[in-house]
Structure formats: C-alpha cells, structure tokens
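Step one of this worksheet: look at the structure below.
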Amino acid sequence: MRHYISIRDLDRNQIDHLIDRAARIAVYGADAQPLKRKILGLLFFEPSTRTRMSFESAMLRLGGSCMNLGGVEVSSMAKGETLADTIRVVSGYADTIVLRHPKVGAARLASEFADVPVINGGDGAGQHPSQTLIDLYTIHQSMPLDRIKIGLVGDLMYGRTTHSLAYALTRYNAEIHAISPKGLGLPESLKHDLREAGCEVIEHDSIEEIIRDLDVLYVTRFQRERFPDPASFFDVAASYRITPSLLQGVKDNLILLHPLPRVDEIDPAVDSLPYARYFQQARNGVPVRMAMLLEVMQ
Amino acid sequence: MRHYISIRDLDRNQIDHLIDRAARIAVYGADAQPLKRKILGLLFFEPSTRTRMSFESAMLRLGGSCMNLGGVEVSSMAKGETLADTIRVVSGYADTIVLRHPKVGAARLASEFADVPVINGGDGAGQHPSQTLIDLYTIHQSMPLDRIKIGLVGDLMYGRTTHSLAYALTRYNAEIHAISPKGLGLPESLKHDLREAGCEVIEHDSIEEIIRDLDVLYVTRFQRERFPDPASFFDVAASYRITPSLLQGVKDNLILLHPLPRVDEIDPAVDSLPYARYFQQARNGVPVRMAMLLEVMQ
Amino acid sequence: MRHYISIRDLDRNQIDHLIDRAARIAVYGADAQPLKRKILGLLFFEPSTRTRMSFESAMLRLGGSCMNLGGVEVSSMAKGETLADTIRVVSGYADTIVLRHPKVGAARLASEFADVPVINGGDGAGQHPSQTLIDLYTIHQSMPLDRIKIGLVGDLMYGRTTHSLAYALTRYNAEIHAISPKGLGLPESLKHDLREAGCEVIEHDSIEEIIRDLDVLYVTRFQRERFPDPASFFDVAASYRITPSLLQGVKDNLILLHPLPRVDEIDPAVDSLPYARYFQQARNGVPVRMAMLLEVMQ
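So the protein sequences, as listed, match chains A, B and C.
Here the first sequence is numbered in our numbering, starting from 850 and rising by one per residue.
Here the second sequence is numbered in our numbering, starting from 850 and rising by one per residue.
Here the third sequence is numbered in our numbering, starting from 850 and rising by one per residue.
Set out below in structure tokens:
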C-alpha cells in the first residue's frame, strides 16, 4: 500500500513519473471514471480550503466520490479520542484518506493505523507533498527541471512550502537563491541538508540583486505575526513586493510562482505579464492530485 | 458562455424557454445523467441553505456532482484575497459556479473573471434570478402568465424577491397590487420602471381591499429590524397575516405563494386549502434549477 | 413507505432479515450501483459525525449521492420555522432523509410530514435504531443471538444505546446483566418492560462479579456531568475500566463491544486481545446501513 507522507520519501524517478502522469491527464483527460465507486475521505483537523477543494475536484473528475470525515468537529466532539482510534474507525468509511493536521508527524502516525492509503495534506510545520509536486509540475511545464536557477522569496525561516520545494529540487541540482530579510532566512540545518545533497545555496537581502539571473521566482507571504510591529512588517512587505518595474530586464522565460492566496506580494498589474504563472499553478492542483489519487487507488 | 446574473438580462422568450424546459423535466424527467462527470461549485459567502440545497439536488438529479467552493471559510481564512483572485482559482475546480454574496454586483464581477458559467444565487439587495424563475414557473403551472392580477404583500421597500418578480412580470403585462404598510412600499424608482415597462401598479394599505380581485397573492416576511419597536412589528405582522377567514370570497383559482421559510405570515390552517401553493413552489426549485444547469452546461 | 423510527417497531423477523442482508453485502458486496441517481438527505440538528459518516459511506457504496439538508444552520437561519415545514420542503430534495434531532419524538413527527422515507439517526434520549442493528449484527457475527448472556456497563440510567439494545434483545431471550454504580442503574420502567418481555435482568455493582459468565460485554462511557464532582467521576471511571487483568478467566468467545468513541473506558492494551470487537463494530456501520438504505429505497 502506497502512502504520500513527505516529498523526501520520493526519489527522482517517482517524482518524474507523477509529473508525467499529471501531464498526460492534463492533455488527454483521464479514462472514463477510473475511480467509480471509490470514496476519498477528507479528514481536516484545520481548515485548508484550497487543498481540500482541489483534491475533491480531482476525485470527482476521476468518477469517484468524496466525503468529509470530520476533523475539526470530530476533534471537538469526541474529546479525548486518540488520532489512532479516529483513523482506525474512519478508514472503514473511505478508500483513501487525505489528512490535514496541525501537528508535525500526524500523517506518518495515521499511515501506521490506517488500512487504506493516507495522503498528507499538510501536517503543521511538516510536509505537504502534493503542493511541492504541483510546484515542480508547473516549472516543468515551462522548462526542464534540471539545474534551474530559482529564487525563493519570503519568510524562509518558517515557510514549509519553500522548504519542501527546495528539498525536492536537490533531486534536480537546482541553484537556490534564498531571498529574505535578516532573521527570516533558511534554517541552518536545511541549508546544510541542501548543500549536502549537492545544491548551491546563495543568500540575498534583496530581489533586485539577483532577479535578472533567475529562471523561476517563487514568492510567498510574510506572516504579520513574525514582526515586532506593523511598521516593520509593512516596510518588509513593500520592499519584497513584485511589480512590473522590478521585472524589467529579467530573462524572457522567467516564471513567477506563488502558492496563493496572495495579498499584496504581487502587484495585480503583473497578472497580465507573460511571467505570471500563479493562477496556472493553482489550477495544476487538479491534474497533479488526479495523478496521485490514481497511483494510490488504481 | 451563458451566465445567469439578473432576471433583467432575460427577455420573454428566454424566460418562456426555461419554464418550458423545467415543465418537461418535471413531467418526463431528465435524460439519463446528462451532466455526468460535471461539477457544480457552490461558493456561498453567506448562508442560504434552501438555495444551496435545491441547486445541489438539481445537479445530483442530472447525474453531476457538487462541491463546496468555500465562501464563508475562504473569506475568513484568506483574508485580503480579492473576489477576482478567488474566482480565477476556483473556476479551475468546477464546471459552473453558483455564487451567493452579500454585496450587490458581486455576481456580475465574478462572471467577468470566471472562465466557467456563473449563476447568481443572490447578491445582497441585488438579484436572485433563479428564485424569480421559480415564482414564474409556479404561477405558470396554474394559469397563463399574461395579464395576471398579482398582489405583493410585505416589506416591499427592501424585499429583493418581490422587486425581481415585479420586474419580470413586466414581460407579461401584469397588473401589480403592492400591499404594504406606510413606509415599506415599493421604491419610487421601481414603480417608475414598472410603469415605464407598461405595467399598472396600484398601492394598497390592506389585503382585504383587493384580495377578491387577485389571481395570485405573493406573501413575504416583514423583517423585525425594520420596525422601531417589537409592538409595532407585531401589529403589522398580525394585520397582514393570511388566515382562512381572510380568504373567504376570493377567486376559485387564486394561488398563494411565499418564498419560505414562513414564520407567522400564513396561518397553518391555510395549508390544506386549495389556494396554498408555497410548498409546491419550494419543490419547483429543483426542476427550474435543473433547466438552468442544463442551459449552461449541456 | 417504510420508515425506521424505533427499534421497537421491528419484530424478530424484520431484524433477522436486515442482519442477513447486511451479512450478504459484507461478503458479496452490493450489486453495481443499485441506488444510482438516488439522493440521501442528511438533516442533522445536532452533530453526530460517526452516524453521518457511515450513512454517507453506505450510500456512496451503493452508487447514490448524499446531500446535507442543513440542520443546525437551517435552524439558526430560519428561526421560527416548524419542523413540519422544514420536512415538507426538504423532502422535495432527497429520496430518503436521515434525521438527527435533539428532541425525543422528532423522527416520528418528521415521518408524518415527509413524503419520502425517514430514518431516525437519533432523537435525543429517544431511539437510534441503526446503532442497535449494528450492535446486534456484530454479536451475530460471533454467535447466535438467542439466549446470550450480556453485560451492559456504564451509565444505564441515561444511556440510550444500552436501552435500545436491551429492548431489542428481548426478541432473543437474552439474560441481561446491568452493571453500574448506584444511582445510574437501568430505569425501573425499562426493567419492568424487559422482564415483561421475558428477559432475565440481574443488576451488579462491579464487573468482576459477573464477567466470567458473560458472552458479550457492552461498555459505554460515563458522562462527567452526571457526577457531583470530578473526584467521584474519576473513581467510578477507574473502577469500571476494562483492562487485560480484568479479562483473565473470561470465556474464550467473550466479545467486547463499545459504541465509540472511547476515552478511558477500555485500556488500549485490550485492543490486541481476541475479545476486542469494537473497531469491527464501528465498521459494521457501513454494511448494516447499506441494508437499511436498500430496504427503504430499492
């Protein structure tokens, strides 16, 4: 039985296989209802509407059904029930479980008690492998994944999305440019892991100093609560904002990604420029998750 | 691509076509699963269970699937995301979107950013075209729509349902009797529009003075918060309440409509009289919405 | 039209028929999508995730669809609407309604106004017939239902689950051992009914004094709010806790049941012993509810 718990569990071949499968689905569609009569159970202990919606859309497009396995309500209602007990019960109701949980390690634990496949839909500061696969797939739509120069912008200290993507890119010998204000850079341990795995990691204070060299710019949000006061948050947010003028002189084939929702990180005037790929990236959630669901249930 | 945003966008032929299609569905049923593998996305930024449920039931009866595209949760979660961004993302997950939103104009805006059809499920004090189509369809089940004499009862100043219905009836040369307490009559601008479009509009203080002449009596609720104090609310509610004795002497084929839920506006003793059509009207939500869904997705 | 309101409405033949049907489904599966295009409406006026989930899973496995008919939201939104009106409207949206309601008698009332079958998913301190059928089915998987010696543990004064099960077992001449602290024993009227129906009912203060004679031990939770203070709750909970040592010397074929979720009533060390059947019991919710849905909709 296959689970998807961490992007680190997947080698390059497995990632390439999923990307290929998603690409074929996006072009040719899936077979007629391959997952007919199958049930995808969504067990979300914290809200994550985008993740839930694109898994649900993916499952419906494959002819299957979805059901809400509770989560927030279960946890408040059944106070004191262990995650192990919950998983043992609900894995009788569904053919695969997507679990979203606030605690790191919850998905791994769940996979030990479930007798159906478990897909990690995000476990706290831990892993969220489908998001990383979507990011890789979106890059792959524009260029080969090997040896890209990628800039990661935002709160790189706490940003799960950028950590997982950076780690996955070690499979493809990326050159990683970490762009963040002081104090919000990549954790030392992650930088060590990335270099160990053969990636070059270069740190920057500003986007301007590196943007013209990049193939991919991956933008994420700053969390207001990481800053001592609103003024310093707005200062940082303003100086890392992506605008049309910042994009002058970049490579023709630069692509701009963002896991969405965005607030002010990217000026809406950028949306109509050829670099903008973040809405396409959001929609790629469906074919990538279709590929994952087929892997575990077909 | 066809959207349904306002009843004003539909001419008489288009309304008649929808009513005919709904009538055929109600009698013969739909083809076997015409919307198989299609997904209806429900994006409700304010609760409206009846509208949601009857769209959902309509979609399921056509062989399709439904998914909740968030709404209230999305808006609280993704603080600061624009409606345009939300629509661009979620229109990748569904084949049609039903949008309910507290702000007038939201559905029109959404239809500009969606690349799938948008059906307005109510935008604040604005439009709610499927409700009006249900009202027209229910009247049509009992009599031709042309030149009916209809009484509208309730808070006609703020009542979206009665405004849309009145407007739609201009297509059929109705004689409109507006029955409301002082201060809650039809807005001047609407009366002007209705008369401009060729309808006669007559205002009344009491139901008694006109009920014996009517073909249709359309009853709506008074909002308690429109009244200065509970006593004046109860006075008004009592004097506009529909009872068996009020109905003595009415036309044999009078029909009584109400968009439901009712509280005290109609005495339950009226339910078993032949005039009562409000439960039938509620159920007509399914075939009418089936017709609308087929129009936009088939 | 068949409703399922109370286990008391079912005679022994009807129960046996449902158990057989569930058993055949569990072994052979259901036909291909027997309830295709049918809609199960879930009307839950109080949360009950396990009941909802297993009905939903059962319906999906039969090829049908489910929809949430509101409940908690409806009731807050449509303040003042009667249950009769709600049922009249929503029974236009679904082919069967599962109703969960805090008030005893609500399901019976609903069945009078619905023109589709109503299944009681629990009405306050009243009935919850599908839970009892699951309990009977799980016992039947291990032994014939006739003349079993069953121990009921927990708050037997207020415990709906144990009352319904005890009542159903009168059809099978069970010997009922009621095990509870003073003040939380079976109500006098129920003991009278059980004896009237030919069952022997014996009361016990402790599990130890009877456990070695039992075929089935049915464990339920104590509600903390029934106790004057936390200390007396913990005292009772500890002395009625099921542990491996308590189980020494029991019959080889004793089975342990619990409606779940459990908190501390059963030591997790018991889970791996052959007596533990509570997870199997939870999963039996699906085939038993499949059988019920087929009875009312096929």
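All C-beta atoms in this analysis are idealised placements derived from N, C-alpha and C, irrespective of residue type, glycine included.
All values derive from a computational prediction rather than experimental measurement.
Note down the Cα distance separating F1071 (chain A) from D1054 (chain A), rounded to an integer number of angstroms. 15 Å
Could you check whether the Cβ of R912 (chain A) sits closer than 7 Å to any Cβ belonging to chain C? First, the amino acid is wrong: residue 912 (chain A) is Gly here, not Arg. For G912 (chain A), the answer is no, since every Cβ of chain C falls outside 7 Å of its Cβ.
Quick one: what does DSSP say D869 (chain C) is sitting in, helix, strand or coil? helix
Taking the Cβ atom as the reference point for each residue, do R1138 (chain B) and F904 (chain B) lie within a distance shorter than 7 Å? R1138 (chain B) places its beta carbon less than 7 Å from that of F904 (chain B).
Neighbour-count burial assignment, V965 (chain B), 16 or more Cβ in a 10 Å radius: Under this definition V965 (chain B) is a buried residue.
Between G1097 (chain A) and I988 (chain A), what straight-line distance do the alpha-carbon atoms span, to the nearest angstrom? The sequence given here has Gln at residue 1097 (chain A), not Gly. It is roughly 21 Å from the alpha-carbon of Q1097 (chain A) to the alpha-carbon of I988 (chain A).
Is there a Cβ of chain B sitting closer than 7 Å to that of S906 (chain A), yes or no? yes
Please confirm if L892 (chain A) has its CB atom under 7 Å from at least one CB of chain B. no
Which residues does DSSP pair with R949 (chain B) in a beta bridge? B:F893
Which residues of chain A have a Cβ atom closer than 9 Å to the Cβ of F1128 (chain C), listed in chain order? D934, R937, V938, G941
Going by DSSP, what residues sit across from S914 (chain A) in a beta bridge? A:I888
Around the C-beta of I1037 (chain C), are 16 or more other C-beta atoms found within 10 angstroms, so that it is buried, or is it exposed? With the sequence shown as reference, residue 1037 (chain C) is identified as Glu, and Ile is not the correct amino acid for it. It is exposed - the Cβ of E1037 (chain C) has fewer than 16 other Cβ atoms within 10 Å.
By the three-class DSSP mapping on this structure, what secondary structure does L859 (chain C) have? coil
Of all the options C:T1069, C:K1031, C:A959, which has the alpha carbon lying nearest to the alpha carbon of H1012 (chain C)? That would be C:T1069, whose Cα lies nearest to the Cα of H1012 (chain C).
Using only alpha-carbon positions, find the residue among A:D1004, A:F962, A:L985, A:Q990 that is nearest to A974 (chain A). A:D1004
Quick check on the DSSP output: the beta strand (DSSP E) that includes A1027 (chain C) runs from which residue to which? Start and end: 1024–1028.
Quick one: list the residues of chain A neighbouring I888 (chain B), beta-carbon separation under 8 Å, in chain order. Chain A residues near I888 (chain B): S906, L909, R910.
Can you tell me whether S925 (chain C) is buried or exposed, with buried defined as 16 or more other CB within 10 angstroms of its CB? Caution applies to S925 (chain C), whose pLDDT of 48 falls short of 50 and renders its modelled position unreliable; the value that the coordinates give is listed next. With a 10 Å radius around the Cβ and a threshold of 16 neighbouring Cβ atoms, S925 (chain C) comes out exposed.
In terms of alpha-carbon separation, which member of B:I854, B:M850, B:D860, B:S991 lies closest to T1019 (chain B)? B:D860
Considering just the uninterrupted stretch of the beta strand (DSSP E) at V1050 (chain C), what are its terminal residues? 1049–1053
According to the neighbour-count rule (16 or more other Cβ atoms, all chains shown, within 10 Å of its Cβ), is R1132 (chain C) buried or exposed? buried
On the premise that L891 (chain B) lies in contact with G913 (chain B), defined as a C-beta separation below 8 Å, what is that separation, rounded to the nearest angstrom? Rounded, the Cβ-Cβ distance is 12 Å, inconsistent with contact.
Where does I1091 (chain B) fall in DSSP's three states? strand
Taking C-beta pairs closer than 9 Å, name the residues in chain C that L918 (chain A) reaches, listed in chain order. From the beta-carbon of L918 (chain A), the residues of chain C found nearer than 9 Å are T898, M902.
Roughly how many angstroms separate the alpha carbons of L911 (chain A) and V1002 (chain B), rounded to a whole number? 49 Å
Over what stretch of residues does the alpha helix (DSSP H) that includes L958 (chain B) continue unbroken? 955–962
List the residues of chain B whose Cβ lies closer than 7 Å to the Cβ of R1043 (chain A), in chain order. Correcting the residue identity first, residue 1043 (chain A) is Leu in this sequence and not Arg. Residues of chain B passing the Cβ test: none, with the nearest at roughly 30 Å.
Taking the C-alpha atoms as reference points, what is the distance between Y1089 (chain C) and P1030 (chain C)? 9 Å
Pull up the distance between the alpha-carbon of D1116 (chain C) and that of T898 (chain A), whole angstroms please. 36 Å
Quick one: is P1136 (chain A) buried, meaning 16 or more other Cβ sit within 10 Å of its Cβ, or exposed? Classification for P1136 (chain A): buried.
Answer with yes or no whether the minimum CB distance from A1131 (chain C) to chain E is below 7 Å. Note that chain E does not occur in the displayed structure, where the protein chains are A, B and C.
Could you list which residues in chain B have their beta carbon closer than 7 Å to that of L1106 (chain A), in chain order? By Cβ distance, chain B contributes nothing, its closest Cβ being about 14 Å from L1106 (chain A), past 7 Å.
Out of B:K885, B:D858, B:V876, B:R857, which one is the CA nearest neighbour of L1143 (chain B)? B:K885
If contact is defined by three or more beta carbon pairs under 8 Å, each pair taking one atom from either stretch, is the region 1120–1127 of chain B in contact with the region 1102–1109 of chain B? Yes: at least three Cβ pairs fall under 8 Å.
Selection of the region 1064–1079 of chain C by Cβ proximity to chain A, strictly under 7 Å: none
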